[in-house]
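First to last, the protein sequences are chains A and B.
Start counting at 1 in the first sequence, then tack on 26, and there's your number in the numbering used here.
Start counting at 1 in the second sequence, then tack on 26, and there's your number in the numbering used here.
2 protein chains.
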Amino acid sequence: MVKKIKFTFLFFSLVALALVVFSFKPAPEPTDAETIKRIFNEALTNGTSYSNLDYLTNKIGARLSGSMNSLKAVQWAFQAMKDAGADSVYLQECMVPHWERGDKENAKMIFDGGKTAIQVSICALGGSVATPADGLIAEIIEVKSFEELSKLGKEKVAGKIVFFNSPMNPNHLETFDAYGEAVKYRWAGASEAVKYGAVGVVVRSCSLKEDDYPHTGVMGYKDTLHKIPACAISTKGARILSENIKANKNLEFYFHMNCKTLPDEISYNVVGEIYGSNKSDEYVIVGGHLDSWDLGTGAHDDGAGVVQSIEVLRIFKALKLKPKCNIRAVAFMNEENGGRGGEKYAEWAKINKEKHLAAIESDAGGFTPRGFSSEVTPTQKEKLKSWKPLFEPYGIHNFDRDGSGADLKKLQETGVPCLELMPDSQRYFDYHHASTDVFSTVNKRELELGGAAMAALVWMIATHGL
Amino acid sequence: MVKKIKFTFLFFSLVALALVVFSFKPAPEPTDAETIKRIFNEALTNGTSYSNLDYLTNKIGARLSGSMNSLKAVQWAFQAMKDAGADSVYLQECMVPHWERGDKENAKMIFDGGKTAIQVSICALGGSVATPADGLIAEIIEVKSFEELSKLGKEKVAGKIVFFNSPMNPNHLETFDAYGEAVKYRWAGASEAVKYGAVGVVVRSCSLKEDDYPHTGVMGYKDTLHKIPACAISTKGARILSENIKANKNLEFYFHMNCKTLPDEISYNVVGEIYGSNKSDEYVIVGGHLDSWDLGTGAHDDGAGVVQSIEVLRIFKALKLKPKCNIRAVAFMNEENGGRGGEKYAEWAKINKEKHLAAIESDAGGFTPRGFSSEVTPTQKEKLKSWKPLFEPYGIHNFDRDGSGADLKKLQETGVPCLELMPDSQRYFDYHHASTDVFSTVNKRELELGGAAMAALVWMIATHGL
Numbered sequence: 027m028v029k030k031i032k033f034t035f036l037f038f039s040l041v042a043l044a045l046v047v048f049s050f051k052p053a054p055e056p057t058d059a060e061t062i063k064r065i066f067n068e069a070l071t072n073g074t075s076y077s078n079l080d081y082l083t084n085k086i087g088a089r090l091s092g093s094m095n096s097l098k099a100v101q102w103a104f105q106a107m108k109d110a111g112a113d114s115v116y117l118q119e120c121m122v123p124h125w126e127r128g129d130k131e132n133a134k135m136i137f138d139g140g141k142t143a144i145q146v147s148i149c150a151l152g153g154s155v156a157t158p159a160d161g162l163i164a165e166i167i168e169v170k171s172f173e174e175l176s177k178l179g180k181e182k183v184a185g186k187i188v189f190f191n192s193p194m195n196p197n198h199l200e201t202f203d204a205y206g207e208a209v210k211y212r213w214a215g216a217s218e219a220v221k222y223g224a225v226g227v228v229v230r231s232c233s234l235k236e237d238d239y240p241h242t243g244v245m246g247y248k249d250t251l252h253k254i255p256a257c258a259i260s261t262k263g264a265r266i267l268s269e270n271i272k273a274n275k276n277l278e279f280y281f282h283m284n285c286k287t288l289p290d291e292i293s294y295n296v297v298g299e300i301y302g303s304n305k306s307d308e309y310v311i312v313g314g315h316l317d318s319w320d321l322g323t324g325a326h327d328d329g330a331g332v333v334q335s336i337e338v339l340r341i342f343k344a345l346k347l348k349p350k351c352n353i354r355a356v357a358f359m360n361e362e363n364g365g366r367g368g369e370k371y372a373e374w375a376k377i378n379k380e381k382h383l384a385a386i387e388s389d390a391g392g393f394t395p396r397g398f399s400s401e402v403t404p405t406q407k408e409k410l411k412s413w414k415p416l417f418e419p420y421g422i423h424n425f426d427r428d429g430s431g432a433d434l435k436k437l438q439e440t441g442v443p444c445l446e447l448m449p450d451s452q453r454y455f456d457y458h459h460a461s462t463d464v465f466s467t468v469n470k471r472e473l474e475l476g477g478a479a480m481a482a483l484v485w486m487i488a489t490h491g492l
Numbered sequence: 027m028v029k030k031i032k033f034t035f036l037f038f039s040l041v042a043l044a045l046v047v048f049s050f051k052p053a054p055e056p057t058d059a060e061t062i063k064r065i066f067n068e069a070l071t072n073g074t075s076y077s078n079l080d081y082l083t084n085k086i087g088a089r090l091s092g093s094m095n096s097l098k099a100v101q102w103a104f105q106a107m108k109d110a111g112a113d114s115v116y117l118q119e120c121m122v123p124h125w126e127r128g129d130k131e132n133a134k135m136i137f138d139g140g141k142t143a144i145q146v147s148i149c150a151l152g153g154s155v156a157t158p159a160d161g162l163i164a165e166i167i168e169v170k171s172f173e174e175l176s177k178l179g180k181e182k183v184a185g186k187i188v189f190f191n192s193p194m195n196p197n198h199l200e201t202f203d204a205y206g207e208a209v210k211y212r213w214a215g216a217s218e219a220v221k222y223g224a225v226g227v228v229v230r231s232c233s234l235k236e237d238d239y240p241h242t243g244v245m246g247y248k249d250t251l252h253k254i255p256a257c258a259i260s261t262k263g264a265r266i267l268s269e270n271i272k273a274n275k276n277l278e279f280y281f282h283m284n285c286k287t288l289p290d291e292i293s294y295n296v297v298g299e300i301y302g303s304n305k306s307d308e309y310v311i312v313g314g315h316l317d318s319w320d321l322g323t324g325a326h327d328d329g330a331g332v333v334q335s336i337e338v339l340r341i342f343k344a345l346k347l348k349p350k351c352n353i354r355a356v357a358f359m360n361e362e363n364g365g366r367g368g369e370k371y372a373e374w375a376k377i378n379k380e381k382h383l384a385a386i387e388s389d390a391g392g393f394t395p396r397g398f399s400s401e402v403t404p405t406q407k408e409k410l411k412s413w414k415p416l417f418e419p420y421g422i423h424n425f426d427r428d429g430s431g432a433d434l435k436k437l438q439e440t441g442v443p444c445l446e447l448m449p450d451s452q453r454y455f456d457y458h459h460a461s462t463d464v465f466s467t468v469n470k471r472e473l474e475l476g477g478a479a480m481a482a483l484v485w486m487i488a489t490h491g492l
């Protein structure tokens, strides 16, 4: 009897154990939609991108390549990636240009041979030479295009200052399309005008808003040509200058700048990495550029992209997401006036024979994300578009646009699928390269949504390939 | 011979005439896509909504129903609709509530029986009674919900001030969804708390941003219950108050407000009309509300909607578009604390037996338009969605959401298809009902795109029905 009881007890115990064991089925893997929801919730509830941007812009500030501040930003990014939980953080050394604005920057329209004058807001374009030590004064003529300049020819241009006054076209929905058309006068205005003997150029700021803040940005010279000083005038200044040129025959213009180019400096990309679960040499990278122009504090351009990229690492760690491949956040140096950081990154990727599944940059401002542009094969584009239903609940609906980040150019040339976060672009050129690009113009949620969008896309590519 | 020449001449003349006549084929009608492109270009190039909003907010300012400013706004809207080219402009009289904030509004946490105190930012909720003449002082208790309040019961609530501290949920993509959950404490907090003997309520401001600006908004009493004073505390103040309640047993709170409700006043909706080509009694209307809260200057809420609606008229006139039905812009009075203007409009529509093809309100801020929400039949929803390809080039991609403007409620109840412009909602509650809702927070292009989106939808409905 005892035996039977024991057997019965043993039998039922085994059955119970079996039931327990079999009922402990592992929880089903979360769907991509569930993971993406967790990513967005994490960004919107516990996000650190906004406080990081506060520090970068308000405690460090402007950080043009070669400046002391840009090195402080490197140190900060290193620590911020560690704090985000990166498995490894390191620097990539690169040489960068070093241009300084100086402390003199003013301009005026001169009437009646100097009897009266009206000041206008200008700033030196990045890379410009200085004016003579006591400034430059000459008659000013206005042109709307290079064609018009060419028609005027040497006879009408020689010895004068050329004013390029080509407004951005407001009819483009995407303001970057208008920028693409207008920016050539900033980049090449000086080298085109000097061909006809101009002594200086004034370029209308690339902005769709009429205000009194000049917008800087990089300009270039041709080695074979004489270098003449180049400044940007505010959009309001451009209107006033244009009106006065029309009203005053032979109007003179004066501007004074003591900017200068110094020898190249050592600087760094900052790279933070999360190791993938399959220990492969495959990478998905996210990035923004750490350098900024010197007028504002580079909040949208491109503090936003840097803190969003660091946020991607933080989100993966906070949610304990295990990507198959390695995830990297890259804070590129020197996007604004040289692109040396992007080149250096691509160089190292080649040397190390790293396989990049994709590279995603955020360099279009910390506004509500609307989609991703891409430079990919048609098949990859279709794959991206097939993920649209996963992103639409977060207002991200546009995967059609071509293009990717400037820092990814060299990587893209080696065949890496390159993408860029596409935020709403309406406000971007109100701030771009101007003293108005500051922290207070960034909305916390808009910034956080951009970081979450990048993390979600990284998750999809790391999980499913592209 | 003469005859033959004459005949030949006549013959060839007739042939030539026929050729000329038949070659003057009328130009083909522009496609809807072409008309919509013209509408957007007109708004972005020659738009007047931004300068109108500048005037309404900066020259007139806040315009709560019943105030002198609200009547100035009526006069202004009348003239602005005339200037936009309306064929007819008229007023619709309605009686509106008249509540005034008064000139006393302050609050503090009181420690150790009054030895020390810390000020916090509050404002009276719209419609609240005043505190006693020298303010109200009582122990304060915090609750997160009505359920929690009910559990505390009379024993713990009687004689105290109740602090409703239910933050908006940041995880909703559409901030209006978070508002919808949180706003009940503002509306019903006082009438719920008084059931348990509370002497006053402090309600956390409906905002997703932590800052020191309290947000007002309408609250309601129940006629059968005692009326206790109700104020909103800034989100930063809410955090500090909550921390201090936790750290200090029996913390006391003091607030002082001398707001009051005066007799109803006469006011007006302003209606501007463009006559349709088929002289029917059919209407498509666009609208926003002219009244605003008194803390800011009602730039987003809802100056934006008013100037966009007026812009719809201007665009139709400037482009010489000939809608088949009549188009009306309506500047509704009293959306914020009564909805009397919307009721009056629906009343007149019924009396005059007007057939409304659709009514579109803009009352969610002057931000980049993302879509239109609607209260329509499934068939109408499908028709709206079939137009999506025409709107997507302008970033307008969402026609799925249900809902429409508060001013259209009564019209909607009579079966009119009602819609609302759906701008990007991320920033809205940073400004909503607070002193921060001012002109400088509105971006010109974003505002213009919203007006263009409304004009384009009006065109589609007027041309194809809904």
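C-beta atoms are modelled at their ideal positions from N, C-alpha and C, and glycine is treated no differently.
Note that this is a predicted model, so its numbers are computed, not measured.
| Query | Result |
| --- | --- |
| Which residues in chain A have a C-beta closer than 9 Å to the C-beta of E472/B? List them in chain order. | D450, Q452 and R453 |
| Cβ of K411/B less than 8 Å from any chain A Cβ? | no |
| One question on the structure: do C120/A and A258/A come within less than 8 Å of each other, judged by their Cβ atoms? | no |
| So is K235/B buried or exposed if we call it buried at 16+ other beta carbons inside 10 Å? | buried |
| What does a CB cutoff of less than 6 Å around E308/B pick up in its chain, not counting 5 residues either side in sequence? | C351, K381 and L383 |
| What would DSSP say about M283/A, mapped onto helix, strand or coil? | strand |
| Grab the span of the alpha helix (DSSP H) containing A103/A for me, first residue to last. | M94 to D109 |
| Tell me whether Y457/B is buried or exposed, calling it buried when 16 or more other Cβ atoms sit within 10 Å of its Cβ. | buried |
| Which residues in the same chain as Y239/B place their Cβ atom closer than 6 Å to its Cβ, once the five residues preceding and following it in sequence are excluded? | S260, A460, S461 and T462 |
| Using the Cα positions of S147/B and A133/B, report the straight-line distance between them to the nearest angstrom. | 7 Å |
| Indicate whether the contact test is met: 3 or more Cβ pairs, each with one atom in the stretch 274-285 of chain B and one in the stretch 310-320 of chain B, closer than 8 Å. | no |
| Mind pulling the beta strand (DSSP E) runs of 3 or more residues that sit fully within the stretch 371-405 of chain A? | 381-387 and 395-401 |
| Going along chain A, which residues have a C-beta under 8 Å from L70/B? | P196 and N197 |
| Taking only beta-carbon positions, decide if T394/B is within less than 8 Å of chain A. | yes |
| Going straight from the alpha carbon of K186/A to that of L90/B, what length do you get? | 57 Å |
| Quick one, are the C-beta atoms of T323/A and T83/A less than 8 Å apart? | yes |
| Rank E55/A, V228/A and G87/A by C-alpha distance to the C-alpha of F465/A and give the top, closest one. | G87/A |
| Can you confirm whether L447/A, when its beta carbon is compared against all beta carbons of chain B, has any partner nearer than 8 Å? | no |
| What residue range does the alpha helix (DSSP H) around S77/A cover? | S75 to D80 |
| Thinking P196/A and L70/B are a contact (beta carbons under 8 Å), I'd like their distance in whole angstroms, please. | 4 Å |
| Mind the definition here: the stretch 356-367 of chain A touches the stretch 409-419 of chain A only if three or more C-beta pairs lie below 8 Å; say whether that holds. | no |
| Terminal residues of the continuous alpha helix (DSSP H) containing R64/A? | D58 to N72 |
| What residues in its chain sit with their C-beta under 8 Å from that of V225/B, if we drop five residues either side in the sequence? | L162, A164, G185, K186, I187 and I254 |
| Look at the alpha carbon of A214/A and the alpha carbon of G152/A, and state the distance between them as a whole number of angstroms. | 12 Å |
| Short of 9 Å Cβ to Cβ, which residues in the stretch 398-423 of chain A face chain B? | E418, P419, Y420, G421 and H423 |
| Let's test the definition: count the other Cβ atoms within 10 Å of the Cβ of S399/B and tell me whether it reaches 16, buried, or not, exposed. | buried |
| N67/A CB to nearest chain B CB: under 8 Å? | yes |
| How far does the alpha helix (DSSP H) with K488/B in it reach, from first residue to last? | This sequence places Ala at residue 488/B; Lys is not what is there. K470 to H490 is the span of the alpha helix (DSSP H), which, as asked, contains A488/B. |
| Per the contact definition of three or more C-beta pairs closer than 8 Å, is the stretch 60-76 of chain B in contact with the stretch 325-345 of chain B? | yes |
| Would K235/A pass as an interface residue toward chain B - the criterion being a Cβ-Cβ separation below 8 Å? | yes |
| With 16 as the cutoff for other CB atoms within 10 Å, does M94/A come out buried or exposed? | exposed |
| Assuming the contact rule is C-beta atoms closer than 8 Å, V310/A and M107/A should be a hit. Round their C-beta distance to whole Å, please. | About 16 Å; that fails the 8 Å criterion. |
| Between the Cα of D433/B and those of D138/B, G329/B and G367/B, spot the shortest distance and give me the residue it belongs to. | G367/B |
| Output needed for E218/B: all residues of its chain with C-beta closer than 7 Å, excluding positions within five of it in sequence on either side, in chain order. | F172 and L175 |
| Out of G298/B, K177/B, V228/B and A204/B, which has the shortest C-alpha to C-alpha gap to F455/B? | A204/B |
| Report buried or exposed for Q145/A, applying the criterion of at least 16 other Cβ atoms within 10 angstroms of its Cβ. | exposed |
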